[in-house]
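Numbering (the working numbering), first residue to last: 12 to 160.
Note that beta-carbon positions come from the ideal geometry of N, C-alpha and C, so glycine has one too.
The next block holds one structure in the form of structure tokens; read it before the comments.
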Amino acid sequence: MKTIKVRVVLLLVLMVGCQTTETSPIKMKQAQKNVQEYIPSSADVVDKHGEINNIQRFIEFLDKVKLGQKDNIRVVKYTTEGDPMLQDLEYDGKVIKSTTDTRRDQFGVGSINTTTCASIEVIETSERTDYILEGCETIIDNTILVTWK
Numbered sequence: 012m013k014t015i016k017v018r019v020v021l022l023l024v025l026m027v028g029c030q031t032t033e034t035s036p037i038k039m040k041q042a043q044k045n046v047q048e049y050i051p052s053s054a055d056v057v058d059k060h061g062e063i064n065n066i067q068r069f070i071e072f073l074d075k076v077k078l079g080q081k082d083n084i085r086v087v088k089y090t091t092e093g094d095p096m097l098q099d100l101e102y103d104g105k106v107i108k109s110t111t112d113t114r115r116d117q118f119g120v121g122s123i124n125t126t127t128c129a130s131i132e133v134i135e136t137s138e139r140t141d142y143i144l145e146g147c148e149t150i151i152d153n154t155i156l157v158t159w160k
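The following block contains the structure:
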């Protein structure tokens, strides 16, 4: 009789332990990293696999940097899987502070990296235009945006 009770208790423990929840893998990973869900803003410059929304706001930011006027902007790039990667650029009139937040990338390491850079270089070819941070304190992926012609 005692072995039957033990078996029943073990079976119940196994059943409870094997239940699944309906939380998506993205939300689980964000919860593990203690990251708030990204909520898009109309002021964000958004790059979804080469289709860039709000590029005019980015050009305004570049113009202010050229004039030495303070400004800040957020660039959001989406991974192939659809995860947002945030890059905040803040120009204080002298240097550009770049903060990249990859914590919402479900397949990446997930980190926040900050560096300061001297300028943004615009490299134009017949096929595309690259916007690249130059003179950065630390080695980073310094490509902000790529626009295709």
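Output yes or no for whether 7 Å exceeds the beta carbon distance between residue i and residue j.
i	j	result
R114	D94	no
D112	L97	yes
V157	T127	no
E148	S130	no
D141	I134	yes
N65	V56	yes
Assuming the contact rule is C-beta atoms closer than 8 Å, residue i and residue j should be a hit. Round their C-beta distance to whole Å, please.
i	j	result
K81	G104	5 Å
Is it buried or exposed for residue i, if we count other Cβ within 10 angstroms and need 16 for buried?
i	result
S122	exposed
V87	buried
F208	Outside the modelled stretch of the chain, which goes from 12 to 160, sits residue 208, for which no answer is possible.
D74	exposed
V152	For the record, residue 152 in the displayed sequence is Asp; it is not Val. Counting Cβ neighbours within 10 Å, D152 comes out exposed, since fewer than 16 surround it.
I155	buried
S137	exposed
T69	The question names Thr, yet the displayed sequence has Phe at residue 69. Label assigned to F69: buried.
With a threshold of 8 Å on Cβ separation, who are the neighbours of residue i within its own chain once the five nearest residues in sequence on each side are excluded?
i	result
R85	S52, A54, D55, V56, L97, Q98, D99 and L100
R139	V157, T158, W159 and K160
For residue i, which residues from the same chain have a beta carbon less than 7 Å from its beta carbon, with the 5 sequence-adjacent residues on both sides left out?
i	result
E33	Note that E33 has pLDDT 46, beneath the 50 cutoff, so the model's placement of it is unreliable and the number below is only indicative. Taken in chain order, the list of residues that qualify is empty.
V46	R114 and R115
For residue i, list the residues DSSP reports as bridge partners.
i	result
T110	D99 and T125
D58	I63 and K88
Taking 6 Å as the limit between beta carbons, can you name the residues of its chain near residue i, skipping five residues before and five after?
i	result
K59	Y89
G119	T113
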